[in-house]
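This report concerns only the one structure given below.
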Amino acid sequence: MQKPKKRSKIEGFIKAVERGGNKLPHPVTLFTILAALILVLSFIFAKMGTSVTYMTVTAEGAKETTVTVVNLLSKAQL
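Count along the sequence shown starting at 1, add 242, and that's the number in my numbering.
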């Protein structure tokens, strides 16, 4: 009788990643789902009036910049 080959931790990790990857849908389906999610989230966050303010450094000095979320489902964006 042969003893079962003992796998290293790295091999076990790679096998786990492979099993997880095999459970994912086809890449085109995954892309479509994520693109639709981005469109829906942009609609929700634009309706909520979400914005972010951050500091940028230019040659003139520090400047505060505010960016608001754009609704990607609006007529202007389609």
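Where is the CB? At the ideal position from N, CA and C, for every residue including glycine.
Asked, Found
"Is the beta carbon of Ser284 less than 8 Å from the beta carbon of Leu314?", "yes"
"Per DSSP, Lys305 forms a beta bridge with which residues?", "Thr298"
"Are the Cβ atoms of Thr298 and Thr307 separated by less than 8 Å?", "yes"
"Can you tell me which of the three DSSP states Thr274 falls into?", "helix"
"If you follow the alpha helix (DSSP H) that Asn264 is part of, which residue opens it and which one closes it?", "Lys251 to Lys265"
"With DSSP run on the structure shown, which of helix, strand or coil describes Ser293?", "strand"
"Out of Val312, Ile252 and Lys265, point me to the one whose CA is closest to Gly291's CA.", "Val312"
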